[in-house]
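S.K.: First the structure, then my questions, so here it is.
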Amino acid sequence: MIARSQNRSQSPSTLPELRERMTDTPHGFLILHGWQNHRPAGHWQHWLADRLTALGHHVDYPGLPEPDHPELEEWLTELRARLDALGGGTPAGGRRTVVCHSLACVLWLHAVARGAVPVPVDRVLLVAPPSPGFLERHAEVAAFTPPPLTAERLAAAATHTRLVASDDDPCCPEGAVAVYGGPLGLPSDVLTGAAHLNPDSGYGSWPSLLDWCLAPSADLPIRHRDAPRPR
Numbered sequence: 590m591i592a593r594s595q596n597r598s599q600s601p602s603t604l605p606e607l608r609e610r611m612t613d614t615p616h617g618f619l620i621l622h623g624w625q626n627h628r629p630a631g632h633w634q635h636w637l638a639d640r641l642t643a644l645g646h647h648v649d650y651p652g653l654p655e656p657d658h659p660e661l662e663e664w665l666t667e668l669r670a671r672l673d674a675l676g677g678g679t680p681a682g683g684r685r686t687v688v689c690h691s692l693a694c695v696l697w698l699h700a701v702a703r704g705a706v707p708v709p710v711d712r713v714l715l716v717a718p719p720s721p722g723f724l725e726r727h728a729e730v731a732a733f734t735p736p737p738l739t740a741e742r743l744a745a746a747a748t749h750t751r752l753v754a755s756d757d758d759p760c761c762p763e764g765a766v767a768v769y770g771g772p773l774g775l776p777s778d779v780l781t782g783a784a785h786l787n788p789d790s791g792y793g794s795w796p797s798l799l800d801w802c803l804a805p806s807a808d809l810p811i812r813h814r815d816a817p818r819p820r
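Structure (structure tokens):
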């Protein structure tokens, strides 16, 4: 069963800073969350979905099944359905972009390895993927340990795939560039002291990511982040 997307009812008038960024060519976005993520309002993915929707784009930000105890096969089934919807819902001439965080990054790798991306998308962003070692140490997500994959196969699933990670992510202590970026030939951005790039490390809003979604030539590294939550 397809999980229902979060309702998006904000118009550009509720976000005045976006009025000048309206476009005549809407694009399609699929935003995928990670483990133990219930799409909280303070997460940058929620923030991003609100603003892209307000700008008139086709946005799907689904709740994946049982995020605390995810099943790989269920998530893959959901992803395939969402990719079909992305292809059908993106207006003619619009780009199709997939934005993954955390466990959703390795979900994407599994889908690519299985040939489960029905039509190649234009852009994929992999944010803070957990390492195989981290996944193997946690029984709830051990099945998500990444499969063997080549750079060529990954490139066939998306015109452009990009990696963004931190230099101190506790979910990928080996370093995401060493684990994923280098072996898969991915353009990579490494942010300093950004941990798992979630609200706890100050990523409730992410203005430069919105810029990147709207303009492929935009720089992605963060220009501003919220104050980290007190411990």
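In our numbering, the protein residues as written are 590 to 820. Ideal Cβ placement from N, Cα and C applies to all residues, glycine included.
Could you pull the start and end residues of the alpha helix (DSSP H) that Leu775 belongs to?
M.R.: Note, Leu775: premise wrong, no alpha helix (DSSP H); not H, not E.
S.K.: By DSSP, does Leu692 sit in helix, in strand, or in coil?
M.R.: The answer is helix: DSSP assigns Leu692 an H, G or I state.
S.K.: If you count every other CB in all the chains shown that lies within 10 Å of the CB of His690, and 16 or more means buried, which is it?
M.R.: It is buried - the Cβ of His690 has at least 16 other Cβ atoms within 10 Å.
S.K.: What do you get for Ala747, buried or exposed, if any count of 16 or more other CB atoms within 10 angstroms of its CB means buried?
M.R.: buried
S.K.: With DSSP run on the structure shown, which of helix, strand or coil describes Thr734?
M.R.: coil
S.K.: Quick one: what does DSSP say Pro819 is sitting in, helix, strand or coil?
M.R.: Residue confidence for Pro819 is low, a pLDDT of 41 falling below 50, so the modelled location carries little weight; the figure read from the coordinates is stated next. Shown here, Pro819 sits in coil according to DSSP, grouped into three states, outside any helix or strand.
S.K.: Give the DSSP bridge partners of Ser755, in chain order.
M.R.: Leu780
S.K.: When the distance is taken between beta carbons, is His632 closer than 8 angstroms to Thr686?
M.R.: With respect to the 8 angstroms criterion, Thr686 and His632 are not classified as neighbours on the basis of their beta carbons.
S.K.: Residues in the same chain with beta-carbon distance under 6 angstroms from Ala702, minus the five sequence neighbours each way, listed in chain order, please.
M.R.: Pro736 and Leu738
S.K.: Which of the three DSSP states, helix, strand or coil, is assigned to Ala717?
M.R.: The answer is coil: DSSP assigns Ala717 none of H, G, I, E or B.
S.K.: Using the rule of at least 16 other Cβ atoms within 10 Å of the residue's Cβ for burial, across every protein chain shown, is Gly791 buried or exposed?
M.R.: buried
S.K.: Kindly confirm or deny that the stretch 716-728 and the stretch 765-780 touch, where touching means at least three C-beta pairs closer than 8 angstroms.
M.R.: They touch, by the three-pair rule.
S.K.: Assuming Ser755 contacts Leu780 under a Cβ cut-off of 8 angstroms, what Cβ separation, rounded to an integer in Å, is found between them?
M.R.: Ser755 to Leu780, Cβ: 5 angstroms. Contact.
S.K.: Which value, in whole angstroms, describes the spacing of the CA atoms of Trp795 and His727?
M.R.: 29 angstroms
S.K.: Taking just the CA atoms, how far does Glu763 sit from Val648?
M.R.: Each residue's Cα considered, the two are about 33 angstroms apart.
S.K.: Counting only the same chain and skipping the five closest in sequence on each side, list residues whose C-beta sits under 8 angstroms from that of Leu661.
M.R.: Within the same chain, Cβ atoms closer than 8 angstroms to the Cβ of Leu661 are found at Leu696, His699, Ala732 and Phe733, the five residues on either side in sequence being excluded.
S.K.: Quick check on DSSP: helix, strand or coil for Val701?
M.R.: helix
S.K.: On a Cα-Cα basis, can you pick out the residue from Ala674, Ala630, Leu809 and Leu724 that is closest to Pro659?
M.R.: Comparing C-alpha distances from Pro659 to each of Ala674, Ala630, Leu809 and Leu724 shows the shortest one belongs to Leu724.
S.K.: Can you check which of these residues, Ala804, Asp808, Leu798 and Ser806, is closest to His635 by C-alpha distance?
M.R.: Leu798
S.K.: To the nearest angstrom, how far is it from the Cα of Val753 to the Cα of Asp778?
M.R.: 5 angstroms
S.K.: If you draw a straight line from the C-alpha of Asn787 to the C-alpha of Phe618, how long is it?
M.R.: 20 angstroms
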